[in-house]
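Here is the structure we will look at.
Protein chains: 2
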Amino acid sequence: MTVTLHVCTTCRAGQPVAEGDATPGLRLHAALAADAPEGVTVRPVECLSACSQGCAVALSAPGRWSYVYGRLEEADAPAILEGAAAYAGASDGIVPWRERPEIFRKQSLARLPPIGEMP
Amino acid sequence: MTVTLHVCTTCRAGQPVAEGDATPGLRLHAALAADAPEGVTVRPVECLSACSQGCAVALSAPGRWSYVYGRLEEADAPAILEGAAAYAGASDGIVPWRERPEIFRKQSLARLPPIGEMP
Numbered sequence: 000m001t002v003t004l005h006v007c008t009t010c011r012a013g014q015p016v017a018e019g020d021a022t023p024g025l026r027l028h029a030a031l032a033a034d035a036p037e038g039v040t041v042r043p044v045e046c047l048s049a050c051s052q053g054c055a056v057a058l059s060a061p062g063r064w065s066y067v068y069g070r071l072e073e074a075d076a077p078a079i080l081e082g083a084a085a086y087a088g089a090s091d092g093i094v095p096w097r098e099r100p101e102i103f104r105k106q107s108l109a110r111l112p113p114i115g116e117m118p
Numbered sequence: 000m001t002v003t004l005h006v007c008t009t010c011r012a013g014q015p016v017a018e019g020d021a022t023p024g025l026r027l028h029a030a031l032a033a034d035a036p037e038g039v040t041v042r043p044v045e046c047l048s049a050c051s052q053g054c055a056v057a058l059s060a061p062g063r064w065s066y067v068y069g070r071l072e073e074a075d076a077p078a079i080l081e082g083a084a085a086y087a088g089a090s091d092g093i094v095p096w097r098e099r100p101e102i103f104r105k106q107s108l109a110r111l112p113p114i115g116e117m118p
């Protein structure tokens with residue numbers, strides 16, 4: 000299944016950003032988009048409302064639990080992509096705990112149940 | 000539209016809970032379920048992975064942004080239900096900022112874009 004990795008591109012991660020410079024969120028997005036594995040669509044989003052815990056990303060797909068992770072930086076891109084690929088590859092989107100990258104185990108901000116069907 | 004208010008019932012909110020006692024999450028769920036407004040389905044969930052920011056709830060519906068809120072307690076139930084009703088009543092699920100209850104404005108843990116369609 001193709002899953003979506005949403006990346007907050009407005010995030011300043013609590014750092015001062017000079018006018019014209021890329022935000023930490025934009026830099027994280029670029030690093031992720033440059034190397035997205037098969038089955039993972041990297042999509043920019045303006046604010047995931049996790050501003051005090053930025054940079055933040057969210058993984059989601061139809062019928063699956065969604066996951067939000069925070070306190071991320073550009074250097075975490077390889078681990079984030081590894082975790083996103085595992086999520087895409089798991090038939091139900093639930094990756095065994097030990098197979099998740101450490102940042103997914105330790106930097107979870109929230110998870111959400113699959114979105115219900117229209118009543 | 001009927002929206003879902005997910006309530007983490009396993010949450011201890013950092014408090015000791017004696018054996019046999021209801022967790023803060025269970026108490027919050029009971030308060031919310033007892034008075035759910037029309038269009039809001041209150042659903043218990045085991046862990047929203049926001050343990051350090053509990054109690055936590057999540058609002059979601061098909062085709063809409065999802066929202067996760069934290070640092071909640073039983074006494075917040077009326078404000079949470081007010082916010083959930085506004086979310087249910089907004090045609091696109093986006094409630095104008097000033098019309099959101101204060102806890103929704105100040106205690107956001109994350110928001111997630113609508114889940115994409117199956118590719």
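Quick note, the sequences are listed as chains L and F, same order. Counting along the first sequence from 1, when you hit position 10 you're at 9 in numbering that gives the first Met the number 0, and nothing is skipped either side. Counting along the second sequence from 1, when you hit position 93 you're at 92 in numbering that gives the first Met the number 0, and nothing is skipped either side. C-beta atoms are modelled at their ideal positions from N, C-alpha and C, and glycine is treated no differently.
Cβ distance (whole Å) where residue i is taken to contact residue j below 8 Å
i: L/C7; j: L/G24; result: 5 Å
i: L/L111; j: L/A55; result: The pair is not a contact, with the Cβ atoms about 14 Å apart (cut-off 8 Å).
i: L/R134; j: L/T3; result: Residue 134 of chain L is absent from the model: chain L starts at 0 and stops at 118.
i: L/W64; j: L/P113; result: 6 Å
Residue i - DSSP class collapsed to helix/strand/coil
i: F/H5; result: strand
i: L/S51; result: helix
i: F/A128; result: Chain F is shown only over 0 to 118; residue 128 of chain F falls outside these bounds and no answer can be derived.
i: F/P43; result: strand
i: L/L58; result: strand
i: L/R110; result: strand
i: F/F103; result: helix
i: F/G24; result: helix
i: F/P118; result: Annotation note: pLDDT 37 at F/P118 (below 50); position unreliable, coordinate value reported separately. Three-state DSSP puts F/P118 in coil, outside helix and strand.
Classification of residue i by the beta-carbon crowding that lies within 10 angstroms, buried from 16 upward
i: F/G13; result: exposed
i: L/I102; result: buried
i: F/A74; result: exposed
i: F/A30; result: buried
i: L/A83; result: buried
i: F/A87; result: buried
i: F/A60; result: buried
i: L/A17; result: exposed
i: F/H5; result: buried
Closest residue to residue i among the options (Cα-Cα distance)
i: F/C10; options: F/T22, F/A17, F/L4; result: F/T22
i: L/G69; options: F/G38, F/R99, F/S48; result: F/S48
i: L/G92; options: L/L58, L/A17, L/R104, L/I79; result: L/L58
i: L/G38; options: L/G19, L/E18, L/V56, L/E81; result: L/E81
i: F/A33; options: F/C46, F/I79, F/Y66; result: F/I79
i: F/H28; options: F/R63, F/T40, F/M0; result: F/T40
i: L/A85; options: L/R99, L/E72, L/V16; result: L/R99
i: L/G62; options: L/P36, L/A89, L/V44, L/E45; result: L/A89
i: F/G53; options: F/A35, F/P95, F/R26, F/P36; result: F/R26
i: F/C46; options: L/V44, L/A35, L/Y66; result: L/Y66
i: F/A35; options: F/R97, F/E72, F/A76; result: F/A76
i: F/E72; options: F/R97, F/Q106, F/G19; result: F/Q106
Interface residues of chain F facing residue i [CB-CB closer than 8 Å]
i: L/S65; result: S65, L111, I114
i: L/H28; result: Going along chain F, no residue has its Cβ under 8 Å from L/H28, so there is no contact; the nearest lies around 14 Å.
i: L/A55; result: A109
Within chain B, the residues that residue i reaches when beta carbons sit closer than 7 Å
i: L/V44; result: No chain B is part of this structure, whose protein chains are labelled L and F.
Neighbour list for residue i in chain F, Cβ cutoff strictly below 9 Å
i: L/L47; result: A109, R110, L111, P112
Within chain L, the residues that residue i reaches when beta carbons sit closer than 7 Å
i: F/P100; result: Simply none; closest approach about 15 Å.
Within chain L, partners of residue i - CB distance below 8 Å
i: F/S59; result: L111, P112, I114, G115
Contacts that residue i makes with chain F (C-beta to C-beta distance below 7 Å)
i: L/A3; result: Per the sequence shown, residue 3 of chain L should be read as Thr rather than Ala. Here the neighbours are G115.
Heavy atom of the ligand SAH within 7 Å of residue i beta-carbon
i: F/T22; result: Looking for the ligand SAH in the displayed structure turns up nothing, as the structure carries no ligands at all.
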